[in-house]
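Report on one structure; see the data block that follows.
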Amino acid sequence: MTSPLGAHPSAAELLAWYDRAARRLAWRDAAPDPYRIWVSEVMLQQTTVAAVGPRYARFLARFPDVAALAAADWSELAEEWAGLGYYARARNLHAAARAIMAMGGFPTDSTGWRALPGIGPYTASAIGAIALGEPLVPLDGNVERVVARLFAIETPLPAAKPLLGRLADGFTAQPAMRARPGDFAQALFDLGATICTPRSPACAICPWREGCRAAARGIAGELPRKSPKAARTALHGVHFALLDEAGRLLLERRPESGLLGGMLALPGTPWRAEPWADAEALAHAPRTDLDWQARPGVAQHGFTHRDLTMRVMLARVPELPEGVPLDQATRSLPSAMKKLLPLL
DNA sequence: AACACGGGGAA
DNA sequence: TTCCCAGTGTT
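Residue numbers (our numbering): -2 to 341.
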């Protein structure tokens, strides 16, 4: 297909490269079934292959099918997802599993998947192409970068996204793509991850070098351009560590919305721009009848758009039946909360 | 359209 | 340090 911006390169050539150079990844081991692909795609949202690698097999062992996932309590899923970030993904995965059980089975096309919580345009297309064989090109960060370079699109993201999507869709006109849509999508991912990388792309060994307008102009490494993003702002909080003589720690479940939504955490003040004085923070302590001691030092944790500084205040009681043993807390807490434990 | 939402690996 | 990752949901 020829677009106003020029011809698309050959899907067949990319697939031939993929047949030689495909990465070996856990979710490619078995024949693609909807559950395994769904879980892998959600886990991979804004998360690197390297980070997902050790977690994917563990998740499937604990929740081997959609029935097991739907039957699980949220606390089990929260524990399994702890440390992976973007916890709304786990909440939506859980809600979607229960919706699938209620419907009596998986949606049979990408449009049906798109209606489930946590399934956006990208994930619906990826499941459609990889698990269902639909001729779709999922538009993820890799594909945006590859297409922006192929056609030398200088418009910055995110404004360029609709155009990049139309250009990506142009590949569906090629019979080679339509014969293997799942492999074609994954070939684009692998090309973006291993050759057409964000910086210093390896154009010399790229199977699409000849048709790439950015490579021809020597600007591949500069594309795609991006609009400047908002700066990080500071947040401060004080958290309360209540320990008993058996080494149990008081934890609470955070509200579903907001940072670390639905996850376990040490009780604490709200997080705000100004630092907290001890006396002021104490009004938020889980118990005000105890002798809270400020611990030395702070824990720093960077979120996408926030830089959080936390202090800890410690108190001890003889017996805390609702407390969580420290080793279990280490397993169940999100990373920001784990950083508080060394301050105890 | 802009923002909220984690965490880690690579340059 | 900064960048960016097999993005989605809310406002």
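We put the beta carbon where it would ideally sit given N, CA and C, even for glycine.
Would you kindly work out how many angstroms separate the C-alpha atoms of residue 77 and residue 60, rounded to a whole number?
10 Å
Please tell me whether residue 98 and residue 132 are closer than 8 Å, where the distance is taken between their beta carbons.
no
Quick check: what's the CA-CA separation for residue 311 versus residue 300?
25 Å
Just mark residue 344 as buried or exposed, buried being the case when its beta carbon has 16 or more other beta carbons within 10 Å.
Any question about residue 344 goes unanswered here, given that the chain covers just -2 to 341.
Taking Cβ positions, are residue 331 and residue 257 nearer each other than 8 Å?
Yes, the Cβ-Cβ distance between residue 331 and residue 257 is below 8 Å.
Is the number of C-beta pairs between the stretch 242 to 250 and the stretch 163 to 172 that are closer than 8 Å three or more?
no
With DSSP collapsed to three states, give me the class of residue 91.
helix
Residue 166 in three-state terms, based on DSSP
helix
Quick one: is residue 192 buried, meaning 16 or more other Cβ sit within 10 Å of its Cβ, or exposed?
buried
Buried or exposed for residue -2, please, with buried defined as at least 16 other CB atoms from any protein chain shown within 10 angstroms of its CB.
Since pLDDT at residue -2 reaches only 44, below the 50 mark, its modelled position is unreliable, and the value read off the structure follows with that caveat. When all chains shown are included, residue -2 counts as exposed.
The stretch 199 to 219 contacting the stretch 274 to 292, beta-carbon criterion three pairs below 8 Å:
no
Are there 16 or more other CB atoms within 10 angstroms of the CB of residue 120, so buried, or fewer, so exposed?
buried
Along the alpha helix (DSSP H) that carries residue 231, what are the first and last residues, could you check?
Note, residue 231: premise wrong, no alpha helix (DSSP H); beta strand (DSSP E) at 230 to 241.
Sorted by chain position, which residues of the same chain lie with C-beta nearer than 6 Å to residue 266's C-beta, five sequence neighbours on each side aside?
Here residue 266 has 234, 235, 273, 278 and 281 as same chain residues with Cβ atoms under 6 Å from its own Cβ, once five neighbours each way along the sequence are excluded.
Do residue 184 and residue 338 have their beta-carbon atoms positioned less than 8 Å apart in this structure?
no
Given residue 29 as reference, the closest of 177, 211 and 145 once Cα atoms are compared
177
Helix, strand or coil for residue 173 per DSSP?
helix
Three or more C-beta pairs below 8 Å linking the stretch 86 to 104 and the stretch 35 to 50:
yes
Confirm the yes/no value for this check: CB of residue 88, any heavy atom of the ligand MG, distance under 7 Å.
Questions concerning the ligand MG fall outside what the structure shown contains, since it holds no ligand whatsoever.
Run the CB neighbour count on residue 187, radius 10 Å, all protein chains shown included, and call it buried at 16 or more, exposed below.
It is buried - the Cβ of residue 187 has at least 16 other Cβ atoms within 10 Å.
What are the boundary residues of the alpha helix (DSSP H) that includes residue 180?
178 to 191
Leaving out five residues before and five after residue 324 in sequence, what residues of the same chain have Cβ atoms less than 8 Å from its Cβ?
The same chain holds no residue with a CB closer than 8 Å to that of residue 324 once the five nearest residues on each side in sequence are set aside.
Once you ignore the five residues that flank residue 66 on each side, which residues in its own chain have a CB closer than 6 Å to its CB?
60 and 94
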